[in-house]
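Everything on this sheet refers to the single structure shown next.
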Amino acid sequence: MHIETQAELLKLSRLLEAEESDLAFLDGQNLDQLAAFRSAVSGFFYEQHQDSYQRLAGISKLVPTGASAKLATTVLGSVLAAGIASELPAERAIKLADKLPDDFLAKLCIHLEPSHSRDLLAAMPDQVVARVAKTLLAMGEHITLARFVAVIQPSALKAVTATVADGEAMVKIALYLEDKTKLDTLLGLLSEDQQRATLKAATDRELWPAVLSLNGHLNTELRGRMGNLVAEQGEAVLSHIIEVASEQRLWTNLLQAVNAMDNQHQQMVVNLAKLREADIMDSLIGTVAEENSWDELLTLLPLLDQAHLSPAVDVLTERRPDSLDQALSQAHDSHLLGLFGHLPDDELPRVARVVKDKAAASWQAFVERNGDAHEIAALKAQLA
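If you want it as structure tokens, here you go:
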């Protein structure tokens with residue numbers, strides 16, 4: 028099961044008060060549709076009691092804030108208080124929050140319905156948000172914290188992230204984000220030490236499937252910065268990441284990360300011994316063909332030394348000869364020229380054979396566009 032599907036089903040199981048295993052039949056469903064279904068169910072549950080919440084909120088406005096806070100903690104409880112808070116004017120809710128203990132506020136936040144609490148959370152003072160976030164972090168409420176990211180003020184988010192020293196928690200908060208476009212903002216607020224801690228936690232806690240999946244949502248600058256930090260962890264860690272990418276079919280995400288690294292780290296990664304393994308290279312090229320991410324791969328192939336290029340050519344010509352035709356028809360010409368120009372002379376005959384048998388039409392179209400390119404002169408001679 029894809030790691031982001033696991034995260035979505037965990038959120039749905041919490042909402043339905045069901046076991047995660049009971050929802051395993053939803054594996055393979057469209058992720059956006061699952062999220063929309065969960066949001067609709069959450070809204071439905073809230074709206075069944077919204078009239079009661081509104082009436083109780085109206086009564087609360089007639090009672091001093093201190094007395095209202097006392098009633099909330101001793102009579103109403105966090106579930107009912109969450110519904111009432113969402114129906115209160117923000118100014119009144121903030122005054123009540125000042126009277127409530129942090130642990131109660133944290134429990135209340137767990138039960139807030141996202142679409143009805145956005146204005147409330149956005150209005151909360153930074154110091155209140157930071158205090159409650161610290162309590163939620165201690166409770167392991169990463170899903171609740173993730174809901175905060177999209178709605179609290181930027182200054183509040185900065186105050187929250189400054190206190191998060193736990194790399195595992197940061198990975199999980201990022202994974203559970205409702206809006207992954209906020210990931211750049213969240214990770215961009217982390218210090219380099221926090222970023223290193225996050226990546227170390229991925230190794231120590233077996234969280235690389237989540238980190239690789241999230242990488243696809245980062246901007247290029249942040250992707251490169253984080254990628255360089257990963258590369259600095261050494262060959263053992265990088266080889267493990269390659270195994271994870273192979274097992275989870277997360278190659279495109281990994282290739283995006285490597286393409287964003289500086290050249291020194293790119294050279295290190297693409298020439299790891301792990302990538303010489305036939306099954307690993309087959310998995311890589313198979314995934315690239317399936318997801319049509321040729322441009323992500325082909326930009327890196329010219330960096331391979333001959334010991335690593337040979338297994339790639341093995342797959343393209345022996346295991347998956349049809350993939351060369353796909354690459355010729357779908358990849359960017361400049362990236363293909365980089366590959367053909369990097370082929371050693373002793374590899375040209377078998378590449379020419381596959382081009383002739385499997386990709387003649389695509390090759391002809393490619394040559395018509397790039398006939399004068401010196402990178403393909405030797406291969407053209409083989410095919411003459």
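In our numbering, the protein residues as written are 28 to 411.
Built from N, CA and C at the ideal position, the CB exists for glycine as well.
Q. Are the Cβ atoms of Arg276 and Ile312 separated by less than 8 angstroms?
A. no
Q.
What would DSSP say about Ser69, mapped onto helix, strand or coil?
A. helix
**Q.** Own chain, CB closer than 7 angstroms to Ile307, minus 5 neighbours either side, in chain order
**A.** Ile269, Ser273 and Lys301
Q. Are the Cβ atoms of Ala201 and Leu241 separated by less than 8 angstroms?
A. yes
Q. On the three-state DSSP scale, how would you describe Glu31?
A. helix
Q) Which whole-angstrom value describes the C-beta separation of Asp349 and Ala305, a residue pair presumed to lie in contact below a C-beta threshold of 8 angstroms? A) Not quite, the Cβ-Cβ distance comes to about 18 angstroms (not below 8 angstroms), so this is no contact.
Q) Going along the chain, which residues of its own chain have a beta-carbon closer than 6 angstroms to the beta-carbon of Ala197, five neighbours each way excluded? A) Just to set this straight, residue 197 is Met in the shown sequence, not Ala. The residues are Val191 and Thr225.
Q. Below 8 angstroms between beta carbons: does that hold for Ser182 and His138?
A. no
Q. Hey, is Ser182 close to the ligand MG, as in C-beta under 7 angstroms from one of its heavy atoms?
A. For the ligand MG, the structure offers nothing, since it holds no ligand at all.
Q. In whole angstroms, what separates the C-alpha of Gln222 from that of Leu204?
A. 17 angstroms
Q | Pairwise C-alpha distance: Ser144 and Ile121 | A | 13 angstroms
**Q.** Span of the alpha helix (DSSP H), counted from its first residue to its last, around Thr101
**A.** Segment: none, Thr101 is in no alpha helix (DSSP H) and carries neither H nor E.
Q. In whole angstroms, what is the alpha-carbon distance linking Ile403 and Ile179?
A. 55 angstroms
**Q.** Candidates Leu265, Gly261 and Asp211, of which the one nearest Trp235 by Cα
**A.** Leu265
Q. What are the boundary residues of the alpha helix (DSSP H) that Leu375 is part of?
A. Leu375 to Lys385
Q: Look at the Cβ atom of His362, then the Cβ atom of Leu336, and state whether they are nearer than 8 angstroms.
A: no
Q. Counting pairs of beta carbons, one from the region 253 to 264 and one from the region 289 to 298, are three or more of them closer than 8 angstroms?
A. yes
Q. Cβ of Glu323 within 8 angstroms of Cβ of Leu355?
A. no
Q. Once you ignore the five residues that flank Ser66 on each side, which residues in its own chain have a CB closer than 8 angstroms to its CB?
A. Pro141 and Ser142
Q.
Can you give me the C-alpha to C-alpha distance between Leu50 and Leu37, rounded to a whole angstrom?
A. 9 angstroms
Q. Pick from Tyr73, Ala165 and Gln154: whose alpha carbon is nearest that of Ala186?
A. Gln154
Q: Quick one: residues in its chain with C-beta nearer than 8 angstroms to the C-beta of Asn319, no 5 flanking neighbours on either side, listed in chain order?
A: Gln353 and Gln357
Q | 7 angstroms Cβ shell around Leu147 - same chain, five flanking residues per side excluded | A | Ala112, Ser113, Ala117 and Ala120
Q: Answer yes or no: do Leu327 and Asn286 have a C-beta to C-beta separation smaller than 8 angstroms?
A: yes
Q | Inter-residue CB distance, Lys383 and Val394 (contact presumed, cutoff 8 angstroms) | A | Rounded, the Cβ-Cβ distance is 13 angstroms, inconsistent with contact.
Q | Cβ neighbours of Ala379 in the same chain (closer than 7 angstroms, five flanking residues each side left out) | A | Leu406, Gln409 and Leu410
Q: Check whether the Cβ atoms of Leu216 and Leu249 sit closer than 8 angstroms, and answer yes or no.
A: no
(Q) At the level of alpha carbons, what is the spacing between Met28 and Leu375? (A) 40 angstroms
Q | Counted within 10 angstroms of its Cβ, other Cβ atoms place Ile170 as buried (16 or more) or exposed | A | buried
Q: Rounded to whole angstroms, what's the CA-CA distance from Val238 to Leu210? Just pull it up for me.
A: 12 angstroms
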